Each structure stands twice: as structure tokens, then as C-alpha cells.
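Numbering (the working numbering), first residue to last: 465 to 766.
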């Protein structure tokens, strides 16, 4: 990789602006045979919760036109296991960004504090989860709730706090402004769109959870539109995601206002896709006579 791809986000030095999105890349080590992990901007590892979670029952993934639906249910071994068993194995191999989820504001604060350790580059707040204490409210759909989670996490850690925004809202810029005001260092977007599939032989939902998160190429136009809108509304950097499958997609996200991009569903079809995107992005920058990937950020001409 040449110097043109190097960048920095929230003080994290990155060899490329290409990251691996949480929930699609395990804990990173699973992809070591396909990807030079140190050349990735970072790995947003599998979502971590206070206690181990078995995930949802029944079918949890189904293919859709140009994408997939999933309802994994945040299956993970819990934060204690991550800290004692997993982090020691991976901390020197990549920039580790830990995606966390909680059932209450306090959970996010506790997790952020526990993960304020060497080897963790940043915390990513998954705020598209039910707030158990408040009757099933989704943190990410209400500005005040999103701000509370962000503020609590910021007070509990010295690490950069990245807030992952849900697209399942009326006005995503309202949520973005709220988390920026609450102290977020960065925004990642978009999380999955809520979707559903039906089996016409059984007349039942395909997924065991009835609904799931839609990801993949089908959601790219929605993600691009939302990133463009949020980039006009906030000053903090954005990690763009949502259907990125090649360098051309990555360029579009950067032009729309993202400072870096994360690849998700495409990892399932090609485990080396992040490296291919980085290589092709480097060639594109050199062909355009650009000295840095930063020259693309927000460069959309209206």
C-alpha cells in the first residue's frame, strides 16, 4: 500500500480507509488467511454485551435480491470472555474497534469502562437495540435516548466513541446532531434496514425472529443519501457503510462525505474483498493524480 491510502480517524492511524464492519468479520482472526489485518483501517469486531448471549432461535440468515436479512440476536461470549480470551490474541494484529450493545444506558457505561484498556482502539456504540428498562424503546430512534447513551459512554472511557446510527428513523440528521452534541467522536452509518421475508410453502416468516436487518448492495442508495445528509449536518467524521462491494462504491461514500468506509455483507461472498477494494482504491487515486484519500472526502459536486 502506498502513502495515498494512509489516513487518521479520531487519532487512530490507519493504513487504509477500509474497515471491516461489525457482525460480518468475527473477531478478525477468522479472516487472517485472506486479509493482511494490519493493512485494514480497523476491524469492528463482533458485538459485545455484558453477559454471553446465545442469539435468536430458528433461521437467522436468508438471502434477498442484492443482499441478505439477518436476525442473529447479538450472539457473543460476553465482555469478560472477550477481555481475557479474545483481546490478548488480536490486539497486536489490527486496530480493534469494539462494538457494544446494552439493554440500558448504564450497560453502555459499564461496557465502555471495562473496555478502556490497552489494545482497544475505539468503542462503537450499537444503539439499535431494545432499551429494556424503557419498555422496548430503540435508543437509536430517539435523539434524547441516543444522546444519553453517548454521553454516558464518553464519561466512562478515554477511547474514541463512535456511534452507529440506525436508518429506521424519520430524520437521521436529528439523531446525528444529538450524538455529536453529546460528545461522539465519530459516527458510523448506516446500520441495517428493518426487513422481512416469507416462505410461500409454509406461509410463515422465513426468519425465526420474523423480521431482520437488511444489508448488502440493495441498501447502498439509501446509505449514500443518508451519509450525504449527515455530512452537511455535523462536523465530526463519518464511517460510511451499507452495501459497499467494490472500490467504486467506496469512492462514492467518500465523495458523499464519509472519511472512511466499512465493508460488511460483501465479506460473506468474498473474504478478501476488503484488500481488493483497498488495492483498487489506491490505483484510482493514483490515476486521478490525488495525493491522499482525504482529497475525496466530501468532494461531491452539486
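Don't be surprised by glycine CBs; every beta carbon is placed ideally from N, CA and C.
A quick note: this is a predicted structure, and the numbers were derived from the prediction, not measured.
Considering residue i, what are the terminal residues of the beta strand (DSSP E) in which it resides?
{"i": "residue 563", "result": "560-564"}
{"i": "residue 768", "result": "Residue 768 is absent from the model: the chain starts at 465 and stops at 766."}
{"i": "residue 547", "result": "Here residue 547 belongs to no beta strand (DSSP E), and DSSP marks it neither H nor E."}
{"i": "residue 760", "result": "Here residue 760 belongs to no beta strand (DSSP E), and DSSP marks it neither H nor E."}
{"i": "residue 512", "result": "506-512"}
{"i": "residue 531", "result": "531-534"}
{"i": "residue 573", "result": "Not the beta strand (DSSP E): residue 573 falls in the alpha helix (DSSP H), residues 569-578."}
{"i": "residue 604", "result": "Run containing residue 604: none; DSSP gives neither H nor E here."}
{"i": "residue 704", "result": "702-704"}
{"i": "residue 483", "result": "482-484"}
{"i": "residue 521", "result": "Counting along the chain, residue 521 falls outside any beta strand (DSSP E), and DSSP gives it neither H nor E."}
{"i": "residue 468", "result": "Residue 468 -> no beta strand (DSSP E), and no H or E assigned at all."}
Going by beta carbon distance, what residues of the same chain come within less than 7 Å of residue i, once the five residues before and after it are set aside?
{"i": "residue 746", "result": "465, 466, 468, 469"}
{"i": "residue 603", "result": "591, 593, 595, 609, 610, 613"}
{"i": "residue 742", "result": "465, 469, 480, 482, 503"}
{"i": "residue 639", "result": "604, 607, 610, 629, 633"}
{"i": "residue 697", "result": "637, 640, 641"}
Which of the three DSSP states, helix, strand or coil, is assigned to residue i?
{"i": "residue 590", "result": "strand"}
{"i": "residue 618", "result": "helix"}
{"i": "residue 666", "result": "coil"}
{"i": "residue 540", "result": "strand"}
{"i": "residue 553", "result": "helix"}
{"i": "residue 527", "result": "strand"}
{"i": "residue 681", "result": "helix"}
{"i": "residue 657", "result": "strand"}
{"i": "residue 611", "result": "helix"}
{"i": "residue 629", "result": "coil"}
Short check: CB of residue i to CB of residue j, under 8 Å?
{"i": "residue 726", "j": "residue 707", "result": "no"}
{"i": "residue 766", "j": "residue 702", "result": "no"}
{"i": "residue 654", "j": "residue 705", "result": "yes"}
{"i": "residue 670", "j": "residue 488", "result": "no"}
{"i": "residue 517", "j": "residue 540", "result": "yes"}
{"i": "residue 720", "j": "residue 748", "result": "no"}
{"i": "residue 616", "j": "residue 584", "result": "no"}
{"i": "residue 601", "j": "residue 648", "result": "no"}
Give me, in chain order, the residues of the same chain whose beta-carbon lies closer than 6 Å to that of residue i; leave out the 5 immediate sequence neighbours on both sides.
{"i": "residue 735", "result": "495, 498"}
{"i": "residue 683", "result": "657, 706, 707"}
{"i": "residue 626", "result": "586, 588, 650, 652"}
{"i": "residue 555", "result": "583"}
For the alpha helix (DSSP H) containing residue i, name the first residue and the last one.
{"i": "residue 737", "result": "737-751"}
{"i": "residue 694", "result": "684-697"}
{"i": "residue 712", "result": "711-720"}
{"i": "residue 637", "result": "636-645"}
{"i": "residue 730", "result": "730-733"}
Out of the options, which one is the CA nearest neighbour of residue i?
{"i": "residue 631", "options": "720, 719, 557, 656", "result": "656"}
{"i": "residue 501", "options": "559, 695, 642", "result": "559"}
{"i": "residue 508", "options": "679, 619, 601, 589", "result": "589"}
{"i": "residue 530", "options": "584, 730, 542", "result": "730"}
{"i": "residue 519", "options": "528, 538, 506", "result": "538"}
{"i": "residue 536", "options": "677, 720, 722, 717", "result": "677"}
{"i": "residue 553", "options": "564, 568, 582", "result": "582"}
{"i": "residue 718", "options": "740, 728, 756", "result": "756"}
{"i": "residue 477", "options": "491, 760, 505, 664", "result": "505"}
{"i": "residue 475", "options": "490, 561, 690, 728", "result": "561"}
{"i": "residue 491", "options": "522, 521, 563", "result": "563"}
{"i": "residue 675", "options": "532, 695, 754", "result": "532"}
{"i": "residue 716", "options": "762, 750, 738", "result": "762"}
Can you give me the Cβ contacts of residue i inside the same chain, cut-off strictly under 8 Å, excluding the 5 residues immediately before and after it?
{"i": "residue 514", "result": "542, 543, 566, 571, 574, 575"}
{"i": "residue 758", "result": "471, 723"}
{"i": "residue 672", "result": "520, 521, 522, 523, 524, 535"}
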